[in-house]
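Contents: one structure, followed by commentary.
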Amino acid sequence: MAEAHPVGFQWVMEAKRKGAKVFHVDPRFTRTSAVADSYLPIRAGTDIALLGGVVRYILDNELDFREYVLSYTNAATIVSEDFSDTEDGDGFFSGFDPETGTYVQDSWQYEGNEGSSGSGHTAKERDSASGLEHESHGAQVDGDTPRDETLQHPRCVYQILKRHFSRYTPEMVERVCGIPQDKFLELAEAWTRNSGRERTGMLIYSVGWTQHSVGVQYIRTGAIIQLLLGNMGRPGGGVMALRGHASIQGSTDIPTLFNLLPGYLPMPHHADHPTFDEWVDSIRHPGQKGFWGNAGSFAASLLKAYWGDAATPENDFCYGYLPRMTGDHGTYQQVLNMIDGKIKGYFLLGQNPAVGSAHGRAQRLGMANLDWLVVRDLFEIESATFWKNGPEVATGEIVPEECRTEVFFLPAASHVEKEGTFTQTQRLLQWREKAVEPPGDARSELWFFYHLGRRLREKLADSKLPRDRALLDLTWDYPTHGPRAEPSAESVLREINGYDVATGRPLSSFAEARADGSTAIGCWIYTGVYADGVNQAARRKSRHEQDWVAAEWGWAWPANRRILYNRASADPDGNPWSERKRYIWWDAEKGEWTGHDVPDFEKTKPPSYRPPPGASGTEGIAGDDPFIMQGDGKGWLYAPSGVLDGPLPTHYEPVESPVRNPLYGQQANPTRKMYAHPVNSVNPSPPEGHSQVFPYVFTVSRLTEHHTAGGMSRTVSPLAELQPEMFVEVSPELAVERGLAHLGWAHLVSGRAVIEARVLVTDRLTPLRIEGRLIHQVWLPYHFGFEGLVTGDSANDLFGISLDPNVLIQESKVGTCDVRPGRRPTGPALLDLVADYQRRAGIGPGHNAPAVTTDSEGRERSDS
Amino acid sequence: MGLRTFIEGWPVYRQLTGTDPLGRGAAAQSARSAGLTARTEDADSVARSVCPYCAVGCGQRVFVRDGQVSQIEGDPDSPISRGRLCPKGSASKSLVTSPLRQTKVRYRRPYSTQWEDLDLDTALDMIADRMLAAREQTWEDVDTQGRPLNRTLGFSSLGGATLDNEENYLIKKLFTAMGALQIENQARI
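If you read the sequences in order, they're chains A and B.
For the first sequence, the residue numbers in the working numbering are 13 to 876.
For the second sequence, the residue numbers in the working numbering are 673 to 861.
This is the structure in structure tokens:
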């Protein structure tokens with residue numbers, strides 16, 4: 013955090029000054045480790061084993077915050093007797109379908125709900141990354157569930173959790189992660205001791221956590237700990253994601269993502285959502301508790317914002333205009349389709365996949381096989397010049413005279429040359445004022461897409477084709493200003509906020525959304541950002557003139573709440589858990605919730621409220637159910653649906669690992685998304701043979717002085733000067749083993765690529781003893797490429813493509829490689845070296861490890 | 673120069689007689705540095721902005737003089753950053769004023785070995801034509817069972833995490849209305 017989010021880290025230091033104990037877990041000793049109270053080196057890809065160890069420590073010692081856990085989580089809920097755990101299945105839960113490599117989730121459900129809830133077979137969910145829909149709400153579950161308040165029932169969540177993690181002992185943590193037992197116990201003791209009525213503990217992760225084949229389950233494990241310790245919805249608690257781009261949260265909320273529409277509404281699927289009603293019911297789940305009961309209003313209001321007068325209740329608000337998913341349309345599938353000649357055109361908008369995405373060679377080969385490519389950026393990034401300067405030109409794989417891709421480079425406006433909002437990592441929207449005009453041909457994306465849309469509509473104006481109606485009926489009449497006809501960002505923000513169709517009055521809250529076409533809302537979770545016709549995101553009341561919550565600086569979704577689910581900061585009766593942690597509480601005299609923040613609860617619903625039998629939607633949420641977006645109002649220790657690779661996190665080895673899974677016969681996540689494309693050869697891992705060809709673990713992360721793929725930092729002279737060269741950090745032990753000289757050269761080989769880097773021999777990396785073997789890890793920054801003021805080989809070239817099944821994010825924080833002294837070969841000899849490694853490793857084109865490794869055949873192979 | 677002025681111009685005299693006995697402040701200041709003013713003081717305007725790098729959302733103040741960005745500093749009012757910027761945020765002025773910034777449209781025709789110039793308006797028109805052609809060639813009305821698909825998989829887009837919400841909104845809205853599904857950004861990566 014000190015490296016990649018230094019200014020955010022000042023708050024960790026403030027907490028430390030006030031007595032908080034700071035633990036840092038990382039494969040590499042960093043600036044964060046240097047100021048932490050305790051540093052725990054970990055083998056990359058084993059975080060579930062570590063955190064699972066903490067869960068076991070809490071449960072075995074009964075250190076959970078029992079009153080919180082009983083009232084606010086599903087610990088007492090009883091699970092179907094059809095469920096069987098990974099402990100009984102050698103790494104598999106019940107319901108695995110080896111044909112598709114996915115689970116049927118019926119047996120995971122709560123008792124009595126096996127047939128009525130759950131998403132059934134999950135192959136389609138994986139391809140549409142449906143886990144992302146749950147960013148703002150929980151998955152489907154029926155409201156009325158059997159419970160055992162004594163937590164003694166053998167099938168209640170509490171007992172299942174206890175059994176599931178029973179073997180995640182301190183000894184096992186040491187065996188899997190390489191963390192000494194005393195270091196682990198110090199962490200577990202401090203975390204639990206610092207949680208409860210009087211104190212809260214916080215878990216912070218950077219989004220490298222998501223870049224694993226089990227990334228979602230990493231975060232689930234953290235959430236389980238924080239729920240058990242009562243650290244959710246309370247000040248100083250939570251699971252804090254440190255996202256890495258200025259508005260990556262905003263681009264998820266208002267998604268430039270294939271599977272979502274604004275506000276986490278799913279993009280329709282051709283088979284599941286043939287009609288508007290079926291689409292809406294799949295979101296609101298009739299009969300379910302919680303605020304998603306209003307999904308029909310949000311959906312109708314979005315379509316009304318898109319298609320205006322053309323959208324009526326009679327025509328289902330033009331639902332028929334929406335495109336339909338049939339499967340995986342994600343960025344990695346796209347790149348493979350480009351290589352196969354299935355995609356003609358590609359827009360790159362401030363993104364540089366030639367350096368920033370996994371498997372850089374596949375990215376560049378894909379772009380070299382397009383009809384046309386549009387790159388909009390501040391600089392001529394690698395993704396704009398691969399056809400003349402890329403490494404494949406040097407190897408002869410791309411010949412400029414034979415590369416047909418037509419490339420348009422359009423200069424973009426910088427952040428000071430346009431106005432608009434970023435949504436930062438805590439869901440806070442901040443409006444930026446425009447300082448100067450963009451230079452030359454540079455334009456904002458707002459300008460580009462508004463005028464592109466205008467032109468497309470003009471070209472089709474006379475069309476009678478049904479498919480063009482969606483474009484011609486689109487509301488696309490934003491006011492413009494200035495000599496360049498810049499569209500008004502504020503008018504777009506107003507549409508995002510939503511308005512009353514009849515009067516044009518901006519809405520104040522998403523509670524005003526209607527399903528009858530009388531409201532239009534571009535992104536319902538942002539409703540309120542333009543309340544009263546005022547740009548709330550532009551608020552800049554100084555921190556010196558308001559309290560520590562600073563509610564008048566910018567605007568946070570939803571409804572300007574700064575801490576989500578903050579009803580949990582009060583006890584079931586509505587009183588603060590303690591004076592020290594007072595945040596939101598029930599004022600019995602006034603009959604309303606009050607406190608330092610906007611209550612994340614119906615303002616006048618008393619703690620004593622109990623829903624009438626059969627109640628659904630918001631009416632079904634009891635006065636002591638803080639998790640109001642969840643189908644049962646509870647925080648989920650156990651997820652009966654919505655998470656595709658299991659209701660509980662399980663340690664699987666990374667897809668590429670030198671180690672056999674010490675916990676289960678199943679080696680890696682059996683539900684991961686695999687691509688058996690010829691370009692995508694995955695290095696072997698046990699129980700497959702030849703894993704020793706790639707004996708070392710490598711991981712990548714950021715430098716303080718560079719940003720992502722380098723497009724905004726290797727082009728900037730002070731930053732380029734501070735970190736001028738690609739390098740690899742190796743331990744002194746590995747340097748001896750491989751004959752690497754400090755400040756000399758090394759090259760690293762995987763089944764995809766070979767890259768070179770300067771050697772930094774440092775004890776910031778330490779060999780770990782795993783299963784009686786010494787495992788070496790090396791670390792690389794991933795910022796370098798072949799353009800800019802400073803250049804170097806790209807670390808992401810080393811990675812293959814294997815994805816988390818829930819969100820289709822690639823495993824690009826851990827892989828295996830070989831490390832050799834000296835510079836890499838150049839030209840065709842480079843390809844020969846990779847081919848030689850592939851031959852020695854027995855991996856042909858498109859090799860993937862078997863999804864299932866618990867069969868006897870697999871075990872025999874492990875001995876080879 | 674009179675003798676008195678000469679003596680008072682001597683730092684050790686000021687250190688001994690003035691309010692700065694340790695000689696680390698006013699006593700050590702030369703006439704030249706006393707006459708200097710910060711670039712921020714003579715700015716024509718100041719824009720309240722936000723750092724474009726990571727997602728912490730540090731407040732920035734963008735100082736403008738003669739239509740050019742003259743300085744970018746941390747916003748001391750921000751409850752997030754309290755005026756601080758990291759090395760990248762502090763280099764924001766170098767980012768937006770970098771001589772490496774490309775400010776002209778560049779065009780590479782198929783099989784060419786070099787860039788050419790192209791007018792922005794022409795580029796926009798050519799791109800629009802190519803989108804419509806790709807859409808036409810790859811349009812899918814229905815699936816094999818006659819269920820609506822209403823889409824093109826003929827082109828795709830990557831990017832958005834560095835852009836404004838308003839921009840992402842227009843991108844998603846336009847592509848969706850064209851039936852273009854394959855929109856992605858860094859949140860997938």
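We put the beta carbon where it would ideally sit given N, CA and C, even for glycine.
Quantities reported herein were computed from a predicted structural model and do not represent experimental measurements.
Between which residues of its own chain and residue i is the CB-CB distance below 8 Å, once the five residues before and five after are set aside?
i, result
"B/Y685", "I679"
"A/W384", "K356, G357, Y358, T417, E418, V419, F420"
Indicate the three-state DSSP secondary structure (helix, strand or coil) for residue i in the structure shown.
i, result
"A/L786", "strand"
"A/Q22", "helix"
"A/W757", "strand"
"A/Y650", "coil"
"A/A680", "strand"
"B/N822", "strand"
"A/I231", "helix"
"A/F522", "helix"
"A/K602", "coil"
"A/F177", "coil"
"A/R40", "coil"
"A/Y51", "strand"
"A/E93", "coil"
"A/Q375", "helix"
"A/G332", "helix"
"A/H341", "coil"
"A/F391", "coil"
"A/Q164", "coil"
The ligand MG and residue i: does any heavy atom of the ligand fall closer than 8 Å to the residue's C-beta?
i, result
"A/A46", "With respect to the ligand MG, the structure shown offers nothing to examine, as it has no ligands at all."
Which residue marks the beginning of the alpha helix (DSSP H) containing residue i, and which one marks its end?
i, result
"A/V292", "288–296"
"B/D801", "792–810"
Could you check where the beta strand (DSSP E) with residue i kicks off and where it finishes?
i, result
"A/F421", "418–423"
"B/I861", "Where B/I861 is concerned, there is no enclosing beta strand (DSSP E), given that its DSSP letter is neither H nor E."
"A/R444", "440–444"
"A/I216", "215–218"
In chain order, what residues of the same chain have a beta carbon less than 6 Å from the beta carbon of residue i, not counting five sequence neighbours either side?
i, result
"A/G756", "V771"
"A/K615", "E604, W605"
"A/Q558", "E564"
"B/E745", "R733"
"B/S829", "I855"
"A/P423", "D453, A454"
"A/H17", "L254"
So which of the options has the shortest CA-CA distance to residue i?
i, options, result
"A/N509", "A/R78, A/Q548, A/H493", "A/Q548"
"A/V448", "A/R469, A/P625, A/I260, A/A425", "A/A425"
"A/Q735", "A/G800, A/A680, A/F710, A/Q678", "A/G800"
"A/W536", "A/K553, A/P570, A/A514", "A/P570"
"A/W304", "A/L277, A/Y577, A/Y462, A/R574", "A/L277"
"A/H493", "A/H297, A/T44, A/H463, A/S521", "A/H463"
"A/E783", "A/Q850, A/G812, A/S669", "A/S669"
"A/V712", "A/H224, A/E665, A/G540", "A/H224"
"A/R159", "A/H133, A/E123, A/D284", "A/E123"
What residues match up with residue i in a beta bridge as DSSP calls it?
i, result
"A/I767", "A/L760"
"B/Q732", "B/S721, B/G746"
"B/Q740", "B/R737"
"A/P588", "A/A582"
"A/W597", "A/T606"
"A/L241", "A/L241 is not bridged to any residue."
"A/T828", "A/V709"
"B/I855", "B/S829"
"A/E79", "Partner(s): none; A/E79 has no beta bridge."
For residue i, I'd like the list of residues in its chain whose CB is within less than 7 Å of its CB, leaving aside the five on either flank, ordered along the chain.
i, result
"A/E869", "Residue confidence for A/E869 is low, a pLDDT of 42 falling below 50, so the modelled location carries little weight and cannot support an answer."
"A/K354", "none"
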